[in-house]
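Residue numbers (UniProt numbering): 1 to 39.
Beta carbons: idealized from backbone N, C-alpha and C, even for Gly.
Since the structure comes first, as structure tokens, the remarks are kept for the end.
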């Protein structure tokens with residue numbers, strides 16, 4: 001099983017990836033919101 005081990009690792013990492021995406025999206029939203037406040 002290295003293929004199955006790899007799949008299990010991907011599934012475990014997917015949760016971390018989803019959290020990272022949410023953080024990145026929030027950072028982009030903050031950056032875009034701040035940019036709109038600039039003259």
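Just the Cα atoms here: how many angstroms apart are residue i and residue j?
{"i": "residue 8", "j": "residue 19", "result": "18 angstroms"}
{"i": "residue 12", "j": "residue 36", "result": "37 angstroms"}
{"i": "residue 38", "j": "residue 21", "result": "26 angstroms"}
{"i": "residue 24", "j": "residue 10", "result": "20 angstroms"}
{"i": "residue 31", "j": "residue 5", "result": "38 angstroms"}
Quick one: residues in its chain with C-beta nearer than 7 angstroms to the C-beta of residue i, no 5 flanking neighbours on either side, listed in chain order?
{"i": "residue 34", "result": "none"}
So, at 8 angstroms on beta carbons, what are the nonlocal neighbours of residue i in its own chain, with the 5 sequence-adjacent residues on each side left out?
{"i": "residue 29", "result": "none"}
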